[in-house]
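In the numbering used here, the protein residues as written are 8 to 293.
Where is the CB? At the ideal position from N, CA and C, for every residue including glycine.
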Ligand SMILES: O=C(O)CCC(=O)C(=O)O
């Protein structure tokens, strides 16, 4: 993640090379992303995400952070509510988490955008919020491209087990590159539970078939869902300008990138903002 924009001279100097650069293969870690992936101990997560379509990143944040996240979701977030970034700093901090941003750079390319920030609370035996198998990039025409377009990260604030209502996933189903059919949804063939201790984050590819298992245990499953999308996709959610400005003032350049301020798309200047045009092309080669 380089959230610093190049100067105009740097962009001009690199542009011809950048346009003719081949795209890094979908399952490879790009050379400029690799040092962070190694330093954060995420190489195996990247491999599993590419191969299986999902992974669990453990120890993503301190126990105090996870307890604060759970408390804030239960007291401040309207469950199933989205657009949470400005409701409490804990939500923006979760979206900006360095391990998740590194995995996002690997999976959906540097310069990816915040697409969705939502919380869910699932009590025992409440079928109204059980979710069938689906893909998260369902509005993309199939066959989906080989490169992932949408990455979902589910913060577990309690233990994820099948009985606890964990996320259901069909490993390797992202290779179908389409949404499951009605028959495949009903059959759930090959579906398993994504399990992990509190403080882990379940991460999955936008093409993998997933849903969730019914919660049969007492208590409630409390989760923050953070989704990142490739910079050429439109995000699911957008904040009013004054709230975006507050988020930028509070969280700086990293937030600017997540809110799409570092690329040229959807801006009045369009491609004539050459620095941001260059940055978008460069980021899209990974
Ligand atoms: O709640 C879950 O475990 C799965 C959530 C889900 O299907 C989604 O975010 O698309």
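For residue 42, name the three-state secondary structure that DSSP assigns.
-> Looking at residue 42 - three-state DSSP - the assignment turns out to be helix.
Determine the contact status of residue 126 and residue 156, defining contact as a CB-CB distance below 8 Å.
-> no
What distance in whole Å lies between the Cβ atoms of residue 220 and residue 169, which are believed to be in contact at a cut-off of 8 Å?
-> Between the beta-carbon of residue 169 and that of residue 220 there is about 5 Å, and that keeps the pair under the 8 Å contact cut.
Helix, strand or coil: how does DSSP classify residue 294 here?
-> Given a span of 8 to 293 for the chain in the structure shown, any question on residue 294 remains unanswerable.
From the DSSP output, read off the bridge partner residues of residue 229.
-> 128
Within the present structure, is the beta-carbon of residue 155 separated from the nearest heavy atom of ligand 1 by less than 7 Å?
-> no
Of the residues 44, 119 and 122, the one placed nearest residue 106, counting alpha carbons only | Closest by alpha carbon: 44.
Cβ of residue 44 versus every heavy atom of ligand 1: is any distance shorter than 7 Å?
-> no
First and last residue of the uninterrupted alpha helix (DSSP H) at residue 285 = 281-290
Using CA coordinates, which residue listed in 17, 153, 229 and 40 is at the minimum distance from residue 80?
-> Ranking the options by Cα distance to residue 80, first place goes to 229.
Excluding the five sequence neighbours on either side, which residues of its own chain have a C-beta within less than 8 Å of the C-beta of residue 266, listed in chain order?
-> Contacts found: 120, 121, 246, 251, 254 and 255.
Would you say the beta carbon of residue 159 comes nearer than 7 Å to a heavy atom of ligand 1?
-> Checking the Cβ of residue 159 against ligand 1 gives yes.
State yes or no: is the C-beta of residue 138 nearer than 7 Å to some heavy atom of ligand 1?
-> yes
Sufficient close CB pairs (3 or more, under 8 Å) joining the region 204-223 to the region 51-71 = yes
Just to check, is the beta-carbon of residue 232 closer than 7 Å to a non-hydrogen atom of ligand 1?
-> yes
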